[in-house]
Amino acid sequence: MNIKKENAIHNIFDHFEDYANLILSQLSILEKVISSGSLVIPEEILKELNINEDKSDKFEVKLSEKIVDTIVLQKPVASDLRKLMACYQIVINLERIGDLVIDIVKFIPRIKESETYNRMSEVIYNMLLVSVNMVQKSLLSFINSDKEFAIWTIRNDEVVDDMNHKLIRKAIGKR
Amino acid sequence: MNENILQIQHPVLSISNLMIAYGKDKSAVRDVTADVKRNAITAIMGPSGCGKSTLLRAINRMHELYPNIQTTGDILLNGESIYKMSTTRLRRKIGMVFQRPNPFPTMSIYENVIAGYDLNGSKLKKGEKDAIVESSLHDVGLFEEVKDSLNKKGNFLSGGQQQRLCIARALAFKPEVILMDEPTSALDPLSTAKIEDLLVELKKQYTIVLVTHNMSQAARISDNAMFMYLGELVEYDKTKKMFTNPADSRTEGYLTGKFG
Chain A
309 MNIKKENAIH
319 NIFDHFEDYA
329 NLILSQLSIL
339 EKVISSGSLV
349 IPEEILKELN
359 INEDKSDKFE
369 VKLSEKIVDT
379 IVLQKPVASD
389 LRKLMACYQI
399 VINLERIGDL
409 VIDIVKFIPR
419 IKESETYNRM
429 SEVIYNMLLV
439 SVNMVQKSLL
449 SFINSDKEFA
459 IWTIRNDEVV
469 DDMNHKLIRK
479 AIGKR
Chain B
165 MNENILQIQH
175 PVLSISNLMI
185 AYGKDKSAVR
195 DVTADVKRNA
205 ITAIMGPSGC
215 GKSTLLRAIN
225 RMHELYPNIQ
235 TTGDILLNGE
245 SIYKMSTTRL
255 RRKIGMVFQR
265 PNPFPTMSIY
275 ENVIAGYDLN
285 GSKLKKGEKD
295 AIVESSLHDV
305 GLFEEVKDSL
315 NKKGNFLSGG
325 QQQRLCIARA
335 LAFKPEVILM
345 DEPTSALDPL
355 STAKIEDLLV
365 ELKKQYTIVL
375 VTHNMSQAAR
385 ISDNAMFMYL
395 GELVEYDKTK
405 KMFTNPADSR
415 TEGYLTGKFG
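Going down the list, the sequences are from chains A and B. The first sequence begins at 309 in this note's numbering and counts up one residue at a time. The second sequence begins at 165 in this note's numbering and counts up one residue at a time.
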């Protein structure tokens, strides 16, 4: 492989890891917010989340561009091309996860019935924990080509689905 | 002014309204105006017969070796017209490497590198010659491979090594610009990759203008790219821009293999 191609691909995966860490830190902040059970989000936490969300949007654009440029200019071999395309799709999904974190945080102060929220917060928190774990393990499975983590993630999708159904039944049952 | 032409500040080469014809009817280069950026690799691409090699050779006036050549326009090297310099002085400042490796068959590796000085009658001390040979061979990554065989003729070297020897020969004069006319088209893929890596390294010290019919090579290693068609400079831009978003449909057609 030539030096320029090697460096271009390395550069993409280095940036990808930085992006992955950024999104995981957003999820970690969200965990703290949900676990507190409070419907009031401290100003400094909101500020940090918004700053990171801006960075996330820029990361997505920059990484997507780098991937396209590398494919066009460096013509990577099939195995590298598959990894780059997977990276491209993961980057798009990471950006969506970042958006969802902000959406959830914006939604919390709008919850009027704190009693209802408190009753369901444990299930919500557990769903969040499993989901964050899934994001972590899926990223690690990609970065390290770890099949075990990939299988774990796929299996735990059902766990989160069950929790979701439970939550919906609980909410409807109360009414 | 063609909007598809890259604007460069403080270029090392400035080509102005260059027109070259072989005799009255055969126009090879039509009104080309372009600046070449210092310490960068500029690729000249285009289908066969588009004038890219003629343009390249015009930069160090090698095209004048052809009979009935007519040239108008100007080329400036660091602001000085190449037509006001002697060809000897010009070709020390602008070296050339050709498609087929062509080390001088009767000379040793050492003599090949220093050939330019010897053939021009330059009087150098042994120590100076040794330093030039060692430095030039180091620059092309060949010194360690041939240091024990400097007095042997170069015909035992592989194609890729011979081409690197030719590059070393061009570097011996510490030129400002190196012109390369399809330097890897006669080489195997491994040698090609080594030469490409070498060029990416060399551009830190030299300006490289490279004619290639290999679009992937141009995409891989060049910083800026020119697309020529029927003697005309159709588009000249940063390589990344040209390959991801060509401005001219002819450029896009060539890059996507519709013609050429």
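We put the CB at the ideal spot given by N, CA and C, even for glycine. Because the structure is a prediction, the values reported are computed rather than measured.
{"Check": "I'd like the span of the alpha helix (DSSP H) that includes residue 337 of chain B, first residue to last.", "Outcome": "Here residue 337 of chain B belongs to no alpha helix (DSSP H), and DSSP marks it neither H nor E."}
{"Check": "So, helix, strand or coil for residue 483 of chain A, using DSSP?", "Outcome": "Its pLDDT being 48, under 50, residue 483 of chain A is placed unreliably in this model, and the value from its coordinates should be taken loosely. Note: residue 483 of chain A maps to coil in three-state DSSP."}
{"Check": "Kindly indicate if chain A contains any beta-carbon less than 9 Å away from that of residue 420 of chain B.", "Outcome": "no"}
{"Check": "Looking at the unbroken beta strand (DSSP E) that takes in residue 313 of chain B, where does it start and where does it end?", "Outcome": "Note, residue 313 of chain B: premise wrong, no beta strand (DSSP E); not H, not E."}
{"Check": "For residue 393 of chain A, count the other beta carbons within 10 Å of its own beta carbon; 16 or more makes it buried, fewer makes it exposed. Which is it?", "Outcome": "exposed"}
{"Check": "Give the residues from the stretch 377–388 of chain A that approach chain B closer than 7 Å (Cβ to any Cβ), ordered along the chain.", "Outcome": "377, 380, 381, 382 and 383"}
{"Check": "Specify the secondary structure class of residue 473 of chain A as computed by DSSP and reduced to three states.", "Outcome": "helix"}
{"Check": "Taking residue 252 of chain B as the reference, which of B:224, B:278, B:237 and B:271 has the closest Cα?", "Outcome": "B:224"}
{"Check": "Give me whichever residues DSSP pairs with residue 351 of chain A in a beta bridge.", "Outcome": "According to DSSP, which records beta bridges pairwise, residue 351 of chain A is partnered with nothing at all."}
{"Check": "Roughly how many whole angstroms lie between the Cα atoms of residue 483 of chain A and residue 423 of chain A?", "Outcome": "Its pLDDT being 48, under 50, residue 483 of chain A is placed unreliably by the model, and nothing is read from it."}
{"Check": "List the residues of chain A that residue 364 of chain B touches, going by C-beta distances under 7 Å, in chain order.", "Outcome": "311 and 312"}
{"Check": "Between residue 468 of chain A and residue 358 of chain A, what straight-line distance do the alpha-carbon atoms span, to the nearest angstrom?", "Outcome": "27 Å"}
{"Check": "When you compare the CB of residue 385 of chain B with every CB in chain A, is at least one pair closer than 9 Å?", "Outcome": "yes"}
{"Check": "Pairs of beta-carbons, one from the stretch 436–444 of chain A and one from the stretch 331–346 of chain A, closer than 8 Å: are there three or more?", "Outcome": "yes"}
{"Check": "Please identify the residue among B:309, B:347 and B:316 whose C-alpha is closest to the C-alpha of residue 327 of chain B.", "Outcome": "B:347"}
{"Check": "Could you tell me the distance, in whole angstroms, from the CA atom of residue 266 of chain B to the CA atom of residue 176 of chain B?", "Outcome": "27 Å"}
{"Check": "Any beta carbon from chain A within less than 9 Å of residue 360 of chain B's own beta carbon?", "Outcome": "yes"}
{"Check": "State the DSSP-derived secondary structure class of residue 210 of chain B, mapped to helix, strand or coil.", "Outcome": "coil"}
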